[in-house]
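Chains as they are written, first to last, in this note's numbering: chain W, 1 to 332; chain D, 1 to 332; chain P, 1 to 332.
The beta carbon of each residue, even a glycine, is placed where N, CA and C say it ideally should be.
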Amino acid sequence: MQHFLTTADWSRSRLQSILDDARDLKAEPYQARLRNKTIALIFFNPSLRTRSSFDIGAHQLGAHAVVLEPGKGSWPMEFELGSVMDQNAEEHVREAARVLSRYCDLIAVRAFPKFQDWSVDRQDKIIHAFAEHATVPVINMETITHPCQELALMLTLQERLGMVDGMKFVLTWTYHPKPLNTAVANSALMIAAKFGMDVTLLCPNEDYRLDERYMGLAQEYTSSQGRSLTVTHNIEEAYSGAHVVYAKSWGALPYFGRWDEEKPVRDAHKHFIVDAEKMALTDNAFFSHCLPCRRNVKVTDEVIDGPNSLVIEEAENRLHVQKALMSELITP
Amino acid sequence: MQHFLTTADWSRSRLQSILDDARDLKAEPYQARLRNKTIALIFFNPSLRTRSSFDIGAHQLGAHAVVLEPGKGSWPMEFELGSVMDQNAEEHVREAARVLSRYCDLIAVRAFPKFQDWSVDRQDKIIHAFAEHATVPVINMETITHPCQELALMLTLQERLGMVDGMKFVLTWTYHPKPLNTAVANSALMIAAKFGMDVTLLCPNEDYRLDERYMGLAQEYTSSQGRSLTVTHNIEEAYSGAHVVYAKSWGALPYFGRWDEEKPVRDAHKHFIVDAEKMALTDNAFFSHCLPCRRNVKVTDEVIDGPNSLVIEEAENRLHVQKALMSELITP
Amino acid sequence: MQHFLTTADWSRSRLQSILDDARDLKAEPYQARLRNKTIALIFFNPSLRTRSSFDIGAHQLGAHAVVLEPGKGSWPMEFELGSVMDQNAEEHVREAARVLSRYCDLIAVRAFPKFQDWSVDRQDKIIHAFAEHATVPVINMETITHPCQELALMLTLQERLGMVDGMKFVLTWTYHPKPLNTAVANSALMIAAKFGMDVTLLCPNEDYRLDERYMGLAQEYTSSQGRSLTVTHNIEEAYSGAHVVYAKSWGALPYFGRWDEEKPVRDAHKHFIVDAEKMALTDNAFFSHCLPCRRNVKVTDEVIDGPNSLVIEEAENRLHVQKALMSELITP
Chain W
1 MQHFLTTADW SRSRLQSILD DARDLKAEPY QARLRNKTIA LIFFNPSLRT RSSFDIGAHQ
61 LGAHAVVLEP GKGSWPMEFE LGSVMDQNAE EHVREAARVL SRYCDLIAVR AFPKFQDWSV
121 DRQDKIIHAF AEHATVPVIN METITHPCQE LALMLTLQER LGMVDGMKFV LTWTYHPKPL
181 NTAVANSALM IAAKFGMDVT LLCPNEDYRL DERYMGLAQE YTSSQGRSLT VTHNIEEAYS
241 GAHVVYAKSW GALPYFGRWD EEKPVRDAHK HFIVDAEKMA LTDNAFFSHC LPCRRNVKVT
301 DEVIDGPNSL VIEEAENRLH VQKALMSELI TP
Chain D
1 MQHFLTTADW SRSRLQSILD DARDLKAEPY QARLRNKTIA LIFFNPSLRT RSSFDIGAHQ
61 LGAHAVVLEP GKGSWPMEFE LGSVMDQNAE EHVREAARVL SRYCDLIAVR AFPKFQDWSV
121 DRQDKIIHAF AEHATVPVIN METITHPCQE LALMLTLQER LGMVDGMKFV LTWTYHPKPL
181 NTAVANSALM IAAKFGMDVT LLCPNEDYRL DERYMGLAQE YTSSQGRSLT VTHNIEEAYS
241 GAHVVYAKSW GALPYFGRWD EEKPVRDAHK HFIVDAEKMA LTDNAFFSHC LPCRRNVKVT
301 DEVIDGPNSL VIEEAENRLH VQKALMSELI TP
Chain P
1 MQHFLTTADW SRSRLQSILD DARDLKAEPY QARLRNKTIA LIFFNPSLRT RSSFDIGAHQ
61 LGAHAVVLEP GKGSWPMEFE LGSVMDQNAE EHVREAARVL SRYCDLIAVR AFPKFQDWSV
121 DRQDKIIHAF AEHATVPVIN METITHPCQE LALMLTLQER LGMVDGMKFV LTWTYHPKPL
181 NTAVANSALM IAAKFGMDVT LLCPNEDYRL DERYMGLAQE YTSSQGRSLT VTHNIEEAYS
241 GAHVVYAKSW GALPYFGRWD EEKPVRDAHK HFIVDAEKMA LTDNAFFSHC LPCRRNVKVT
301 DEVIDGPNSL VIEEAENRLH VQKALMSELI TP
């Protein structure tokens, strides 16, 4: 039995075999591979694509999905072992995970950071607690990384570009009125690096570097394949010659939990928006973003609606890669 | 591909063929017509009948439904093209509709008016935005009209009365402690007129006339078939000789968004309640209402529980007409 | 047609036949007994196990479940007949139950007490209103009793102990920071008594006796089978020689709705926690609890994680007994 918590635990070749299967499933969506199987989808945070694509994907494979929302439709939950549960939480993850493992064949969990203390959030306790206590496979539906989005992104790139080795992938920070999760940024960095791209991280200043864990993995992936990882704050340098521009906003880790202090810095970088002028510097690059996306804040209508925009394809591919993933985990 | 946004876009004969099919589906509920199809049900507002009848109806046809609630389980949404999305909305309908169109074969949307400015609400932007951006059929599950309720009402009347041409249909305003949506009132007016009934609108005073758009359509439908549309504030005149009494409360459009000013007017008309005394003036009329219904405020227990009450039949028929409708839109 | 509102309405032998069928279904979970059937699950309160086990159980039998949450995704509801509905409730249970009976083959309801006035709560109006107005079977998914939990508990005990007649069952009150529903306590008392166990109720003082209705039933069940019902406040006496220790917290009925006054009493009895020292007094007793369970408040990690803990088995068995129950009610 294996979990899918982060792509860091999976080799490039195993990930590629999931992508290959996803392509098959895209061509032939209804396959009763998971007949008489049940999937639990646990959302601690909102979702549109993830919720519907997992639910529909399970159904297309003959399985049945149930959606649970702890703290809303379900009980608030405790994650620490040994704690004295005299506060708000009514249920310990140890029971929830073990009971759901009796009812279901797979548990998928979305649990965003709390945004108060990065040293706590970076431990990713909720998904790890489920993985520790569950006796069935656990899938990460976004915590501090978003590995399903990684698979969707890479499938989309391979559909348009074939093998992407050596191509220039730019992950650009963009403005957003609120400090956001670094999950998709961490993930984009890792998957582009893992699949042999030359990766450039464009951000306003050094405070917007991603966590050393993900920077280190990206460095390791690129170095070992003779590729490069570059961090720059220079927009022109970043976009120049790019094959793929991937946009995402995130909050600066040094200001974590003290967002009022970061606000002026973010507000000063609204010009990081992806627009046609910047895209003109690239090698006719594809543009993508994970959705939901604030139009005319992160990217102009012109770019997101343009012929090189992959946002809808990437969102569609969530369905296909997740089906391949569920299939791999439940019936390896 | 065709949407079902309002019955105004559909001919009487096409609507009749849906009603005919609904009768077949009522006799034989399980037919795998929509096997391997998926339906997205998007609720911006609460629902009991609509949610369960669409979900169950889809299942009975072999399809799978997913329920999404933007702003609750899903992301808050933007509907204007070209807007700079720096406020609350995280997702633009353009992405949501296109992505769901990749996952699903039909999108159904419930989006009530905001009740602040009728000149805005009457544009019915949300459902039209979904219809514009989706690449699959869109069904209106109640916005400023409620076309599925229209089909259910007409099927119920035809089951009891056969063809209803020339029969007297009374839409009576009733009291309700809050100003309500005009959707079902607009819809009742349109469908009764479209199917050749003599239509009487009974309301407290001229302020409670419905929007000119729906008054105009009802006038056009009745005139072209040699029938009449009458507006009256006289209870006795309205009920006299009626074959069908349909009750609904709604807020007066001239007071839209300034409900405190309307309150005394509404409060002065609690006697518009449908009761046995009024029903005695009719030609043994059937009574109906769309549900949910406040008992002993809009209608007395005696009438709603009486032998001529069609409320449960009409609610049941929601299931059958919606199945016929989904079937027609997905596999025309 | 029969409802399942409380086990008090069902004979021991009929309950046993449900348990026997549950064992068969546990061995062979997928049986298309309820093909083309639909189940409505109505939650007025949160749920994890109940919601997922009913949904999954229905699916495993070939049926389809829809989840409704009045007041959240659905309309607030009125339960009194004859009321003038000019307050918050938009829908009367009489309509909701009759309409759902047209859409579905079974209605299951969770409705906790309001915790303001026990003389009101003990009437259990919501579930009885559904049972009165529905034209399909109604299942109690926890109100002031929790009969599905009773079945799961008894199946679990029989799996470990065979027939339990004459064995010592201890229901122990435990501390909890909030006053809780007596439902599971009432239920544990009834089912252990009904199946011929010697029942001991351990609680801090006379104020924590359960309602006379359930005390009376337990007395009747035990007396008629030559067994005993004992109430004690002495921990050592209760645990001594026990074969089963079942833990639950509940609020003291004499303080109902005036919980601030009860708080010091509860706070003074934190030592009622189930721990290894107390369990050592038993005849190697099994421990169980209905979940969710506050660890190290109601029971120590050592006991709940120990080899004699049945909590996960009992929770799993919810699935199996509920499938047998749905099967019995829909296709008797």
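Residue i and residue j closer than 8 Å at C-beta
{"i": "residue 48 of chain W", "j": "residue 41 of chain D", "result": "no"}
{"i": "residue 229 of chain P", "j": "residue 202 of chain P", "result": "no"}
{"i": "residue 335 of chain P", "j": "residue 21 of chain P", "result": "Because chain P here runs from 1 to 332, residue 335 of chain P falls outside it and cannot be looked at."}
{"i": "residue 110 of chain P", "j": "residue 44 of chain P", "result": "yes"}
{"i": "residue 157 of chain W", "j": "residue 189 of chain W", "result": "no"}
{"i": "residue 177 of chain P", "j": "residue 24 of chain W", "result": "no"}
{"i": "residue 61 of chain W", "j": "residue 100 of chain W", "result": "no"}
{"i": "residue 249 of chain P", "j": "residue 153 of chain P", "result": "no"}
{"i": "residue 138 of chain P", "j": "residue 269 of chain P", "result": "no"}
{"i": "residue 95 of chain P", "j": "residue 81 of chain D", "result": "no"}
{"i": "residue 256 of chain W", "j": "residue 118 of chain W", "result": "yes"}
{"i": "residue 217 of chain D", "j": "residue 27 of chain D", "result": "no"}
Close-in-space but distant-in-sequence residues of the same chain around residue i (CB under 8 Å, 5 per side omitted)
{"i": "residue 76 of chain D", "result": "70, 88, 89, 90 and 91"}
{"i": "residue 286 of chain W", "result": "157, 160, 161, 243, 244, 245, 308, 309 and 310"}
{"i": "residue 65 of chain D", "result": "38, 39, 40, 41, 54, 55, 58 and 59"}
{"i": "residue 18 of chain D", "result": "151, 321, 324, 325 and 328"}
{"i": "residue 267 of chain P", "result": "175"}
{"i": "residue 114 of chain P", "result": "120 and 121"}
Helix, strand or coil at residue i according to DSSP, with G and I counted as helix
{"i": "residue 83 of chain P", "result": "coil"}
{"i": "residue 143 of chain D", "result": "coil"}
{"i": "residue 69 of chain W", "result": "coil"}
{"i": "residue 77 of chain D", "result": "strand"}
{"i": "residue 151 of chain P", "result": "helix"}
{"i": "residue 130 of chain W", "result": "helix"}
{"i": "residue 135 of chain P", "result": "coil"}
{"i": "residue 248 of chain P", "result": "strand"}
{"i": "residue 300 of chain P", "result": "coil"}
{"i": "residue 312 of chain W", "result": "helix"}
{"i": "residue 112 of chain D", "result": "coil"}
{"i": "residue 238 of chain P", "result": "helix"}
{"i": "residue 39 of chain P", "result": "strand"}
{"i": "residue 256 of chain D", "result": "coil"}
{"i": "residue 6 of chain W", "result": "coil"}
{"i": "residue 107 of chain D", "result": "strand"}
Own chain residues within Cβ distance below 7 Å of residue i, not counting five before or after
{"i": "residue 205 of chain W", "result": "233"}
{"i": "residue 386 of chain P", "result": "This structure does not reach residue 386 of chain P, given that chain P is present from 1 up to 332, and the question cannot be answered."}
{"i": "residue 276 of chain W", "result": "300, 302 and 303"}
Close beta carbons around residue i, own chain, < 6 Å, minus the five adjacent residues each side
{"i": "residue 313 of chain D", "result": "156"}
{"i": "residue 164 of chain D", "result": "157, 195 and 197"}
{"i": "residue 79 of chain D", "result": "93, 125, 126 and 129"}
{"i": "residue 134 of chain W", "result": "97, 101 and 107"}
{"i": "residue 221 of chain D", "result": "193 and 194"}
{"i": "residue 50 of chain W", "result": "141"}
{"i": "residue 264 of chain D", "result": "none"}
{"i": "residue 317 of chain W", "result": "152, 155 and 156"}
- Message: Report the start-end ranges of each beta strand (DSSP E) in the segment 162-198 of chain D that is 3 residues or longer and not cut off at the edges.
- Response: Segments of the beta strand (DSSP E) lying fully in the segment 162-198 of chain D: 168-173.
- Query: Taking Cβ-Cβ distances below 8 Å as the criterion, which residues of the segment 95-108 of chain D are in contact with chain W?
  - Reply: 95, 96, 98, 99, 100, 102, 103 and 104
- May I ask you to list, following chain order, the residues of the segment 16-40 of chain W that have a beta carbon less than 9 Å from some beta carbon of chain D? For the segment 16-40 of chain W, the set of positions with a beta-carbon nearer than 9 Å to some beta-carbon of chain D reads 29 and 30 in chain order.
- Along the chain, which unbroken stretches of the alpha helix (DSSP H) at least 4 residues long are found entirely within the segment 200-228 of chain P? 212-224
- Query: Which of the residues in the segment 290-318 of chain P, read from start to end, lie with their CB under 7 Å from any CB of chain A?
  - Reply: Absent here is chain A; the protein component of the structure consists of chains W, D and P.
- Message: For the segment 116-142 of chain W, list every residue whose C-beta sits within 7 Å of some C-beta in chain P, in sequence order.
- Response: none
- Item | Residues of the segment 181-206 of chain P whose Cβ lies closer than 7 Å to any Cβ of chain W, in chain order | none
- Interface residues of the segment 168-180 of chain P facing chain W [CB-CB below 7 Å]: 177
- Name, going along the chain, the residues of the segment 242-266 of chain W whose beta-carbon falls closer than 8 Å to a beta-carbon of chain P. none
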